[in-house]
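Reviewing the structure listed below.
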Amino acid sequence: MPNESPPSVDADVIVIGAGPAGAAAASRLARDGLHVEVLERNHFPRFAIGESLLPQCMLHLDESGLLETVQAGGYQHKNGAVFSRNDKQTAIDFRDKFSAGWGTTYQVERADFDHRLIQAASSHGAHVSFGMSVTDFQPDDERPRLRVTDDDGRESHLTARFVLDASGYGRVLARLLALSRHPRMEPRMALFTHVEDHINDPDFDREKILIGVHPADDSVWYWLIPFANGHSSVGVVGDIDTLSRAGNDAMERWHYWISAEPRYRSLLKRARVIRPVDELQGYAADVDRLHGPGYALLGNAGEFLDPVFSSGVTIALRSASMAAPLVERQLEGQWVDWQAEFEEPLRRGIDTFRAFVDAWYDGRLQSIIFHGSHPQELKRMISAVLAGYAWDSDNPFVTSPQKRLTTLAELCGHHPSTAEGRA
Ligand SMILES: Cc1cc2nc3c(=O)[nH]c(=O)nc-3n(C[C@H](O)[C@H](O)[C@H](O)COP(=O)(O)OP(=O)(O)OC[C@H]3O[C@@H](n4cnc5c(N)ncnc54)[C@H](O)[C@@H]3O)c2cc1C
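If you read the sequence shown in the numbering used here, its first letter stands for residue 10, the second for the next number, and so on.
This is the structure we're talking about:
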């Protein structure tokens, strides 16, 4: 029988999960003087996927008091993306973009990055407990209540005045409160690992993520994210049946698909795999609502789209930046309209990313990217969204992404019929 005890902590805010969303929210709230408890199931440092940041992140790291620790991390600078398909390559430089703000960011090993963020949050006053899994939740406007189970199976109950669920793929409140809904994204699979890359091609730009496309099947794409220490993250994404067809296990499949892309095969010919290949599938997720009595959902605990444009950490940090001041106002006794002030504006940017992700998989965005020559201003608008400025309502590709992408793709020679039958 688990050992039950009465509520042992009564915090202003409990944050579930110490990933980027949880660390950013905890840091900001603790700096503003609130009693913040972070409950993290794992022990850090721990591996996580999601290593290529977008420049928009930098603003939110700054708002949470976390920019300095990230800048001190010695991470690989990133200023854009290179897209590669057969013999075509297109580089996008985030410094040349429509929206104001940061034009550079980092490529980070998440074990170290997440550890740094939560250590900084702790130094700002947040109390962090590792090896603590949230296993039950009772929503309440005044005093939401949690059950927590530690590594030894001991249970305790905690209350707070507000709870932020930043549990990422743990999806704690989505599961416990049955909030999940169909994610509107096709289920796909990713195979990924880290390598000592030994890349010595002078044309390879370590300051950009390399996004490759399979030469014969443009629904299969690749990422190569170089780190500062000569290692790289290398992954492939495609529909589950397609990727599963090759090889008997994840390692064999990864080798098969990486060597099928000529640029990757050439760049990685001396590479040495340094961790087991991970296989993740069906990672897209969504919920009916991002808030309820005494709680709100941040980052991946709410919605996750797709890895293709590296939007995950940006959305996680943005959600924390938006939620933290609202929590403070609510705890001061002011009325907060979580739907109008949090969910709707957050989802507007996510919907912009969704339009870009959809256009990638149905071929429109690939037609645009590999077409090459566009008026400079259009390029800068697309560059801004890819740099994470998906909430900039001055950018026409943010306010009407669907219409703009379709029109531009047609001008680039994309025929809608060629998209049919793709993922
Ligand atoms: C294949 C793939 C590639 C990706 N590549 C990128 C990329 O290049 N760039 C990018 O920005 N994003 C990328 N992402 C997305 C990125 O991984 C996530 O969006 C990001 O990590 C979300 O941050 P978070 O803070 O919301 O959650 P997480 O980083 O998942 O953190 C959640 C934390 O909550 C903890 N937790 C879970 N359950 C519980 C519980 N019951 N109790 C207590 N704690 C709990 C977990 O241990 C974890 O530490 C990728 C995703 C995939 C699937």
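Ideal placement from N, C-alpha and C gives every residue a C-beta, glycine not left out.
Quick check on E216: does DSSP put it in helix, strand or coil? coil
Alpha carbon to alpha carbon, how far is V181 from R431? Give it in angstroms, no decimals. Residue placement at R431 cannot be trusted, given a pLDDT of 42 that sits under 50; what the coordinates show is reported in the next sentence. When rounded, the distance between both Cα atoms is 33 angstroms.
Coil, strand or helix - L307 by DSSP: coil
Proximity below 8 angstroms, CB of A293 to CB of D315: yes
DSSP state of S61, grouped into three classes? strand
Since A169 sits in a beta bridge, which residues does DSSP pair it with? A20
Residue environment, I23, which counts as buried when at least 16 other CB atoms sit within 10 Å: Buried.
Would you check whether ligand 1 has a heavy atom nearer than 7 angstroms to the C-beta of V143? yes
A396 and K87 look like a contact to me (Cβ under 8 angstroms); what is the Cβ gap, rounded to whole Å? That belief does not hold up - the Cβ atoms of A396 and K87 are roughly 10 angstroms apart, past 8 angstroms.
Might you give, ordered along the chain, the residues of its own chain that have their beta carbon closer than 8 angstroms to the beta carbon of H69, omitting 5 neighbours on each side? A33, T323, L326, R327, A329 and S330
Apart from the five residues just before and just after G74, which ones in its own chain have a Cβ nearer than 8 angstroms to its Cβ? The beta carbon of G74 is closer than 8 angstroms to those of S36, R37, R40, A129 and H133 in its chain, skipping five residues each way along the sequence.
Can you check whether the CB of L233 is closer than 8 angstroms to the CB of L252? Between L252 and L233, the C-beta spacing is not below 8 angstroms.
Cβ separation of Q375 and D159, assumed to be a contact under 8 angstroms, to the nearest whole Å: Between Q375 and D159 a beta carbon distance of about 48 angstroms is seen, past the 8 angstroms cut, so the two are scored as non-contacting.
Can you check which of these residues, V246, S108 and H44, is closest to V394 by C-alpha distance? S108
DSSP three-state label for M260, please. helix
I'd like to know whether the C-beta atoms of F318 and V366 end up nearer to each other than 8 angstroms. Taking the C-beta atoms as reference points, V366 is found nearer than 8 angstroms to F318.
Leaving out five residues on either side along the sequence, give the residues of the same chain with a beta carbon under 8 angstroms from the beta carbon of N404. F107, S108, M390, A393, V394 and Y398
Supposed contact pair P235 and Q85 - C-beta distance, whole angstroms, cut 8 angstroms: Contact holds; Cβ gap of about 6 angstroms.
Indicate, with yes or no, if ligand 1 has a heavy atom lying under 7 angstroms from the CB of N51. True, at least one ligand heavy atom lies under 7 angstroms from that Cβ.
With 8 angstroms set as the bound, which would you pick, yes or no: does the beta-carbon of W232 sit closer than that to a beta-carbon of chain D? Note that chain D does not occur in the displayed structure, where there is just one protein chain.
Between the Cα of F442 and the Cα atoms of G372, Y304 and K388, which residue gives the shortest distance? The first residue shown for the chain is 10 and the last is 432, placing residue 442 beyond what the model contains.
With 16 other Cβ atoms within 10 Å as the buried cut-off, status of N309: buried
For A280 and D161, believed in contact at Cβ under 8 angstroms, the rounded distance: That pair is no contact at about 41 angstroms.
Whole angstroms are fine: how far does the CA of I25 sit from the CA of G311? 13 angstroms
Could you compute how far the alpha carbon of D287 sits from the alpha carbon of G342? Going from the Cα of D287 to the Cα of G342 covers about 46 angstroms.
A100, enclosing beta strand (DSSP E) - first and last residue: Following the DSSP letters along the chain, one finds A100 inside the beta strand (DSSP E) bounded by residues K97 to D102.
Excluding the five sequence neighbours on either side, which residues of its own chain have a C-beta within less than 8 angstroms of the C-beta of L186, listed in chain order? F146, P148 and G301
Considering only C-alpha positions, which residue in the set S93, A120 and F56 is nearest to I377? Here the closest residue by C-alpha is S93.
Grouping DSSP H, G and I as helix and E and B as strand, with all else coil, what is F201? Taken through DSSP and simplified to helix, strand or coil, F201 comes out as strand.
My output table needs one value for M141: the three-state DSSP class, helix, strand or coil. strand
Provide the residue(s) that pair with K278 in DSSP beta bridges, ordered along the chain. Answer is none; K278 lacks a bridge partner.
Tell me the rounded alpha-carbon separation between M10 and S142. The predicted model places M10 with a pLDDT of 39, which falls under 50 and marks its position as unreliable, so this point remains unresolved.
Compute the minimum distance between the beta carbon of L167 and the heavy atoms of ligand 3, and state whether it is under 7 angstroms. The model on display carries ligand 1 but not ligand 3.
Apart from the five residues just before and just after R413, which ones in its own chain have a Cβ nearer than 6 angstroms to its Cβ? P405 and F406
Just mark Q65 as buried or exposed, buried being the case when its beta carbon has 16 or more other beta carbons within 10 Å. With 16 or more Cβ atoms within 10 Å of its Cβ, Q65 is classed as buried.
Status (buried if at least 16 other CB within 10 Å, exposed otherwise) for W344: exposed
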